[in-house]
Amino acid sequence: MAVTVEDVKRIAALARLEFTADEEERLTGELNSILHYMEKLNGLDTDGVEPTSHVAPVANAFREDEPEEFAHVEELRAQAPEMVEGYYKVPRIIE
Amino acid sequence: MTPLLVSDVALNELTACDVIQRVRSGETSSVEVTQSVLDRIESAEPTLNAFVSVDVERALARAESIDKRRSRGEELGDLAGVPIAVKDVICVRGGRTTCGSRILEHYVAPYDATVIERLHQADAVLVGKTNMDEFAMGSSCENSFFGPTRNPADPDRVPGGSSGGSAAAVAAHETILALGSDTGGSVRQPAGYCGVVGLKPTYGRVSRYGLVAFASSLDQIGPVAKDVADAALLLSVIAGHDSRDATSVDEAVPDYPQKLTGEVEGLKVGLAEEHFGAGLDEEIRSAVEETARRLEEQGAEIVSPLSLEVAANPDYCIGAYYIIATAEASANLSRYDGVKFGFRHRGRSDGRADLLEMYRQSRSSGFGAEVKRRIMLGTYVLSAGYYEAYYLEAQKVRTLIRRDFEKAFARCDVLLSPVAPTTAFPIGEQIDDPLQMYLNDVYTVSVNLAGIPGISVPAATSSEGLPIGVQLLAAPFREEALLQAARAVELGLPSIPTPMRS
Chain A
16 MAVTVEDVKR
26 IAALARLEFT
36 ADEEERLTGE
46 LNSILHYMEK
56 LNGLDTDGVE
66 PTSHVAPVAN
76 AFREDEPEEF
86 AHVEELRAQA
96 PEMVEGYYKV
106 PRIIE
Chain B
10 MTPLLVSDVA
20 LNELTACDVI
30 QRVRSGETSS
40 VEVTQSVLDR
50 IESAEPTLNA
60 FVSVDVERAL
70 ARAESIDKRR
80 SRGEELGDLA
90 GVPIAVKDVI
100 CVRGGRTTCG
110 SRILEHYVAP
120 YDATVIERLH
130 QADAVLVGKT
140 NMDEFAMGSS
150 CENSFFGPTR
160 NPADPDRVPG
170 GSSGGSAAAV
180 AAHETILALG
190 SDTGGSVRQP
200 AGYCGVVGLK
210 PTYGRVSRYG
220 LVAFASSLDQ
230 IGPVAKDVAD
240 AALLLSVIAG
250 HDSRDATSVD
260 EAVPDYPQKL
270 TGEVEGLKVG
280 LAEEHFGAGL
290 DEEIRSAVEE
300 TARRLEEQGA
310 EIVSPLSLEV
320 AANPDYCIGA
330 YYIIATAEAS
340 ANLSRYDGVK
350 FGFRHRGRSD
360 GRADLLEMYR
370 QSRSSGFGAE
380 VKRRIMLGTY
390 VLSAGYYEAY
400 YLEAQKVRTL
410 IRRDFEKAFA
420 RCDVLLSPVA
430 PTTAFPIGEQ
440 IDDPLQMYLN
450 DVYTVSVNLA
460 GIPGISVPAA
470 TSSEGLPIGV
480 QLLAAPFREE
490 ALLQAARAVE
500 LGLPSIPTPM
510 RS
């Protein structure tokens, strides 16, 4: 499954990243060599093996659904690149 | 400035256990120890660059208040007045938490991580935040927006990564203790490269609340220390259930320091044949073998050969790890979009950038090359048409890796292995070859995939004068056995390898 420059452009769009043509070229080579290595997994027989998504011996760690005030709201808001009257400001979405 | 000398040992060179004893008895104040550490930071940082930020005022104020409480006769916490450095991926309220990234260059956390709350309750003194590979992605500490950290044993070499700043700071006595995070070896490998002790606890043992996520099913916070007793002490402070981390496990925390004798009579130490295959440096191989021999002399029983057919096969464990870790990272790092926090690209000069363009530009100029490479890999292996071939397959291999360890721990209490295939390599040597860099993690990644605890302990010095560490592994929540064996390794050494002195 060789990765092409077109694949790199498509994946970059999904990941909300952009690259120069040179970077795309370089990434194509790097991804191919890494993915080629990863394909060695195919040498293992995994028929009938259950996948593991996490290892913690816990499931559904429920707690009471009670709202709590966050103590440092102003500090949280101060992190925003741009705020107007308590709202996060972003570039126009709808013309 | 000349370090404060107390019976020939500079205060910054003391272990945490020594500092606590002295502070409690009043022999030394926390301010004196903290000042000694800060002086060392000032003299060593131009060479090492182990810290991203140092908060002199806050540290001294904190130390002073601890000293005052002691003089009033109040009982101090378990880390009474001990200076500690924290990897810059753990949130500390009111100071910068950068993750070694431009995208978080000016981020100030509005809350403390659970481990930070626990450190405060234990009366530790936070001196600063340590350098790291960006978002903990790397094995050399070269992928930091704030420049590489250098190895105290040889400044032309890497300290390992991603917790390279924490390991270098402890080795160079710029702090007494440190915290790192370990997703695929990021505490253990730098500890090995720098000649200090690094512990990755069982997944779920330590709360991840306030740890900036890289790969959530693998990440775990762990101690970096000058010796095993200090690592045991720090673990006992940070371990335990936390309702704010749904994956934290409600399991009693043993008194690790109390039980630490180094007694290994009858302890079964396993050696897996796959851990000694091609690519392993000869000096490291003999250090591990020598360590096994010494443990046997101390009464341990060597169980060999054991097999970790999948878990110790680089072709399988590196592949499975980098698929799962990058997949989780691509999801976790989607939060950096320039909206609520972090770097925002200002867009076209006419100010008419659209939202998607703002996302792309903020992320592309905010993230470094390795982080972008991993986001791309992770997005690829999760994308339509490839999910089953890569991600699902890797999750199945993860099951096989867990089974390998379960079988091994049915026959032994701890496994002994190398930490990394080589000693610390020169800065710049591997940075242009991502796959080569990933292969450094061959002995460490399976531990995170299986969620078991592992520790790196100094065991020898190479002919080039570089530290060699060995790794010990145990079944989930068997940190006690791990620490016991690690202490025995320490006791078996002819002399403790000395890190860089002031």
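Residue numbers (this note's numbering), protein chains in the order written: chain A, 16 to 110; chain B, 10 to 511.
For every residue, glycine included, the Cβ atom is placed at its ideal position computed from N, Cα and C.
Query	Result
What does the Cβ neighbour count give for G351 (chain B), buried or exposed, with the cut at 16 atoms within 10 Å?	buried
Kindly indicate if chain B contains any beta-carbon less than 9 Å away from that of E40 (chain A).	no
In chain order, what residues of the region 62 to 74 of chain A put their CB closer than 8 Å to some CB of chain B?	V64, E65, P66, T67, S68, H69, V70, A71, P72 and V73
In terms of residues, what are the limits of the alpha helix (DSSP H) holding S52 (chain B)?	S39 to L57
Select from the region 45 to 61 of chain A all residues with a C-beta closer than 8 Å to any C-beta belonging to chain B, and list them in chain order.	E45, L46, S48, I49, L50, Y52, M53, E54, K55, L56, N57, G58, L59 and T61
Determine the chain A residues that contact K349 (chain B) at a beta-carbon separation under 8 Å, and present them in chain order.	Q94, A95 and Y103
Thinking just about the alpha-carbon of each residue, which of B:G82, B:K138, B:H129 and B:G86 is nearest to the one in G109 (chain B)?	B:K138
Quick one: Cα of T67 (chain A) to Cα of V390 (chain B), how far?	16 Å
In this structure, does DSSP put E100 (chain A) in helix, strand or coil?	coil
Could you check whether A403 (chain B) and I332 (chain B) sit closer than 9 Å to each other, using their CB atoms as the reference points?	yes
Closer than 9 Å, CB to CB, is V33 (chain A) near chain B or not?	In the sequence on display, residue 33 (chain A) carries Glu and not Val. Yes, E33 (chain A) counts as interfacial toward chain B.
Beta-carbon of V136 (chain B) versus every beta-carbon of chain A: anything under 9 Å?	no
In chain order, what residues of the same chain have a beta carbon less than 8 Å from the beta carbon of V20 (chain A), not counting five sequence neighbours either side?	E39, E40 and T43
Between E84 (chain A) and chain B, is any beta-carbon pair separated by less than 9 Å?	no
If you draw a straight line from the C-alpha of N57 (chain A) to the C-alpha of G286 (chain B), how long is it?	21 Å
Bridge partners of N160 (chain B), per DSSP?	B:D163
Pick out whichever of B:D324, B:S257 and B:R355 has its Cα sitting closest to the Cα of H51 (chain A).	B:D324
Under 8 Å: does the beta carbon of I50 (chain B) sit that close to some heavy atom of the ligand HEM?	The ligand HEM is not part of this structure, which contains no ligands at all.
Between B:G207, B:T123 and B:L47, which has its C-alpha nearest A495 (chain B)'s C-alpha?	B:G207
What is the rounded straight-line gap between the Cα of A36 (chain A) and the Cα of L135 (chain B)?	45 Å
Please report how far the alpha carbon of S511 (chain B) lies from the alpha carbon of S45 (chain B), in whole angstroms.	Confidence at S511 (chain B) is low in this model, with a pLDDT of 39, below 50, so its placement is unreliable and no value can be given for it.
Name the DSSP bridge partner or partners of P427 (chain B)?	B:V479
On the criterion of 16 or more Cβ atoms from any shown chain inside 10 Å, does M98 (chain A) qualify as buried, or is it exposed?	exposed
Note down, in chain order, each residue of its chain lying with its Cβ closer than 6 Å to the Cβ of A177 (chain B), except the 5 sequence neighbours on either side.	L57, A59, T158, P161, P168 and C203
Is the beta carbon of N449 (chain B) sitting closer than 9 Å to the one on G189 (chain B)?	no
What does the Cβ neighbour count give for M509 (chain B), buried or exposed, with the cut at 16 atoms within 10 Å?	In this prediction, M509 (chain B) has a pLDDT of 47, which is less than 50 and means its spatial position is unreliable; nothing more can be read from the coordinates.
Could you tell me the distance, in whole angstroms, from the CA atom of R92 (chain A) to the CA atom of I50 (chain B)?	33 Å
Determine the contact status of V117 (chain B) and T106 (chain B), defining contact as a CB-CB distance below 9 Å.	yes
Of all the CB atoms in chain B, is at least one closer than 9 Å to the CB of V23 (chain A)?	yes
With a floor of 4 residues, list each alpha helix (DSSP H) that falls wholly inside the region 260 to 326 of chain B, ordered by position along the chain.	291 to 306
For V61 (chain B), I'd like the list of residues in its chain whose CB is within less than 6 Å of its CB, leaving aside the five on either flank, ordered along the chain.	D97, T107, K138, N140 and F155
Tell me which residue opens and which closes the beta strand (DSSP E) that R362 (chain B) is part of.	For the record, residue 362 (chain B) in the displayed sequence is Ala; it is not Arg. Run containing A362 (chain B): none; DSSP gives neither H nor E here.
Which residues, in order along the region 330 to 343 of chain B, keep a beta-carbon less than 7 Å from a beta-carbon of chain A?	Y331, I332 and S339
Exposed or buried, what is T270 (chain B) when buried is set at 16 or more other beta-carbons lying within 10 Å of its beta-carbon?	exposed
Assuming L317 (chain B) and D413 (chain B) are in contact, meaning their beta carbons sit under 8 Å apart, how far apart are those beta carbons, in whole angstroms?	5 Å
Give every residue of the same chain whose Cβ lies closer than 6 Å to the Cβ of G213 (chain B), excluding the five residues on either side of it in the sequence, and list them in chain order.	T256, S257 and V258
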